[in-house]
Amino acid sequence: MEDINIEGSPKTPEVRFSASEGQFLLSGRSIPENSVEFYSSILNWLDQYSESPRQRTVLDVKLEYFNTSSSKCILDVFKKLEQIKNDGNDVNVNWFYESDDEDMLEAGEDYDAIIDIAFTMKEVEGF
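Numbering (the numbering used here), first residue to last: -10 to 116.
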């Protein structure tokens, strides 16, 4: 299975999903013109990955900012990961937030409350 490697831009996040390692990264800003279109390839990739996932999958989320339409798509990503976990695999999310960004911390905590996968909040000085 091919990995996903999408370069970040001022409006879209960097995406690095490695099927062979089970190591995923979502970082930068997520304010695309069309969030559903941007995330559709990621969600389709996750559908394929879920057919034969690694025993352990880790997603590092290092987003500086995301808009409302992206928040729904990000939730959809987490739901796909939750299904992988429900199928008997180990799934973890590391949610990175800047020390002075309470909104991003709360967003991570909100996702943690909604999704049944292990979230670890990681405070950093900057991205």
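Glycine included, C-beta positions come from ideal geometry on N, C-alpha and C.
Same chain, Cβ closer than 8 Å to residue i, neighbours up to 5 away in sequence not counted
i: Ser41; result: Met(-10)
i: Asn75; result: Asp105
Given residue i as reference, the closest of the options once Cα atoms are compared
i: Ser9; options: Leu94, Val82, Val47 and Ala96; result: Val47
i: Ile31; options: Pro21, Gly11 and Phe6; result: Phe6
i: Pro(-1); options: Tyr38, Ile(-7), Glu112 and Phe55; result: Phe55
i: Val80; options: Ile103, Tyr38 and Arg45; result: Arg45
i: Ser91; options: Glu112, Phe27 and Arg43; result: A small correction: the amino acid at residue 91 is Glu; Ser does not occupy that position in the sequence shown. Comparing Cα-Cα distances from Glu91 to each of Glu112, Phe27 and Arg43, the minimum goes to Glu112.
i: Met93; options: Val66, Gly77, Arg18 and Glu26; result: Arg18
i: Val4; options: Gly11, Ile(-7) and Gln12; result: Ile(-7)
i: Pro21; options: Lys61, Asn33 and Gln12; result: Lys61
Backbone CA spacing between residue i and residue j [nearest angstrom]
i: Phe139; j: Asn83; result: Outside the shown range of the chain, which is -10 to 116, sits residue 139, and nothing can be said about it.
i: Val50; j: Leu15; result: 5 Å
i: Glu53; j: Lys68; result: 21 Å
i: Asp36; j: Ile(-5); result: 18 Å
i: Gly(-3); j: Gly77; result: 32 Å
i: Ile73; j: Ile103; result: 16 Å
Same chain only: Cβ atoms within 7 Å of residue i, ignoring 5 sequence neighbours per side
i: Gly97; result: Trp84, Tyr86, Phe108 and Met110
i: Trp34; result: Ile(-7) and Phe6
Bridge partner(s) assigned by DSSP for residue i
i: Trp84; result: Val50 and Met110
i: Ile31; result: For Ile31, which the question treats as bridged, DSSP gives no partner whatsoever.
i: Glu3; result: Ser16
i: Arg45; result: Asp79
i: Phe55; result: Ser19
Beta-carbon proximity of residue i to residue j, cut-off 8 Å
i: Ser88; j: Glu71; result: no
i: Ser59; j: Ser29; result: no
i: Tyr38; j: Leu64; result: no
i: Phe27; j: Thr57; result: no
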